[in-house]
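To start, the structure itself, in structure tokens.
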Amino acid sequence: MVHPYAVLGFLAAVLPLVVTPGASLALLVQHVTAGGRRRALPVVLGTATGLYIHAAFAMAGLSALVMHSSQAFTAVKVIGAAYLVGLGVWTWRSATASARAPVRRHPPVRSDSVCTQALLANVLNPKAASIYLTLVPQFIEADHSFDAQILTLATAHALLVTLWLLAWTVLVRRASRTLQRPRFKRTAARITAVVFLALGIRTAVT
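For the sequence shown, this note's numbering begins at 27 and goes up steadily by one.
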């Protein structure tokens with residue numbers, strides 16, 4: 027069992043990382059803008075699931091292997107960077123295609139597809155994995171179950187991320203009239219694409 031003060035300390039330490047704009051927030055803005063607040067749920071679910079996967083890797087020692095092996099760490103970075111760049115290119119091309127096509131109703135995007143995008147964006151981010159190797163060990167006690175403590179901190183982390191993304195969902199939906207304009211949707215999609223590209227390049231070079 028993690029002491030409540032340890033949980034609060036962990037949340038305070040991880041808060042700056044949570045509020046820093048990243049792939050999850052970019053996905054949220056893109057999909058909520060395009061399809062409404064219901065699209066936020068799969069983004070939140072995919073992101074939270076990714077955190078639990080990182081926690082599971084940490085419990086299994088896999089994250090330590092990746093972080094302490096330069097080859098494995100580089101492989102994860104390259105895969106993650108390639109995914110983000112590919113997602114950015116796809117998003118930009120989709121926005122460009124919608125600008126050239128006549129205005130019409132598009133079929134809804136499958137929720138499981140959105141969830142998978144958010145999951146991969148989180149799992150393939152080595153910096154997210156590093157949280158469970160650099161921050162988590164500072165808030166667990168050696169005389170208690172490591173797995174239970176890591177799971178508790180991961181749950182607190184997931185709740186914090188969920189609240190942050192839901193807050194952004196409310197902000198995005200309050201501007202619903204503007205957000206529903208086709209021109210704004212295309213602009214938002216292109217900005218999202220640039221964010222993905224920038225994140226992918228940053229991941230590759232850092």
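Don't be surprised by glycine CBs; every beta carbon is placed ideally from N, CA and C.
Quick caveat: nothing in here was measured; it's all calculated off a predicted structure.
### Message
Please classify Thr117 as buried or exposed, where buried requires at least 16 neighbouring CB atoms within 10 angstroms.
### Response
By the C-beta density criterion, Thr117 is buried, having at least 16 other C-beta atoms within 10 angstroms.
### Message
Beta-carbon within less than 6 Å of Ala154's beta-carbon, same chain only, minus the 5 sequence neighbours each way: which residues are those?
### Response
Same-chain partners within the cutoff: His80 and Asn148.
### Message
On the DSSP letters alone, give me the boundaries of the alpha helix (DSSP H) that Arg200 sits inside.
### Response
Residues Phe172 to Arg200.
### Message
Let me check understanding here. Comparing Cα to Cα, which of Gly76, Ser120, Gln143 and Lys103 lies closest to Arg65?
### Response
Of Gly76, Ser120, Gln143 and Lys103, the smallest CA-CA separation from Arg65 is found for Gln143.
### Query
Considering Ser95, what are the terminal residues of the alpha helix (DSSP H) in which it resides?
Looking at the DSSP string, Ser95 is not in any alpha helix (DSSP H), and its letter there is neither H nor E.
### Task
Taking Phe222 as the reference, give the member of Leu53, Asp169 and Leu145 with the closest Cα.
For Phe222, the nearest C-alpha among the options comes from Leu53.
### Coil, strand or helix - Asn148 by DSSP
Helix.
### Residue from Ala38, Leu177 and Val198 with nearest C-alpha to Leu77
Of the listed residues, the one whose Cα sits closest to Leu77 is Leu177.
### Spatial distance of Ala193 from Leu71 (CA atoms)
Taking the CA atoms as reference points, Ala193 sits about 15 Å from Leu71.
### Buried/exposed call for Gly114, threshold 16 Cβ in 10 Å
The residue in question, Gly114, is buried, as its Cβ has 16 or more Cβ neighbours within 10 Å.
### Query
Secondary structure at Val33, three-state DSSP: helix, strand or coil?
Note: Val33 maps to helix in three-state DSSP.
### Query
By the 10 Å Cβ neighbour count, where 16 or more other Cβ atoms means buried, how is Thr46 classified, buried or exposed?
Around the beta-carbon of Thr46, fewer than 16 other beta-carbon atoms lie within 10 Å, marking it exposed.
### Contacts around Gly62, its chain only, beta-carbon distance under 8 Å, and the 5 residues preceding and following it disregarded
Closer than 8 Å at Cβ, skipping near neighbours: Arg199.
### Message
Taking 9 Å as the threshold (C-beta atoms), are Leu161 and Val40 in contact?
### Response
Result yes, Cβ atoms of Val40 and Leu161 sit closer than 9 Å.
### Message
Comparing C-alpha positions only, which one of His94, Leu191 and Leu179 sits nearest to Ala82?
### Response
The option with the nearest alpha carbon to Ala82 is Leu179.
### Query
By a C-beta neighbour count over all protein chains shown, 10 Å radius and 16 as the cutoff for buried, is Thr59 buried or exposed?
Residue environment analysis places Thr59 among the buried positions, since at least 16 neighbouring C-beta atoms fall within 10 angstroms of its C-beta.
### Query
So what does DSSP say about Val10, is it helix, strand or coil?
It is not possible to answer for residue 10, since the shown part of the chain is limited to 27 through 232.
### Query
Among the residues of its own chain, which have a CB less than 8 Å from the CB of Leu191, if the five just before and after it don't count?
Taking C-beta separations shorter than 8 Å and ignoring five residues to either side along the sequence, the partners of Leu191 in its chain run Ser50, Leu51, Leu54, Ala66, Val69, Val70 and Thr73, following chain order.
#### Entry: Cβ neighbour criterion (16 or more within 10 Å) applied to Ala107
By the C-beta density criterion, Ala107 is buried, having at least 16 other C-beta atoms within 10 angstroms.
### Task
Helix, strand or coil for Val129, going by three-state DSSP, please let me know.
Any reading at Val129 is ruled out, since the residue's pLDDT is 45, under 50, leaving its predicted position unreliable.
#### Entry: DSSP state of Pro47 mapped onto helix, strand, coil
Here DSSP, grouped into helix, strand and coil, assigns Pro47 to coil.
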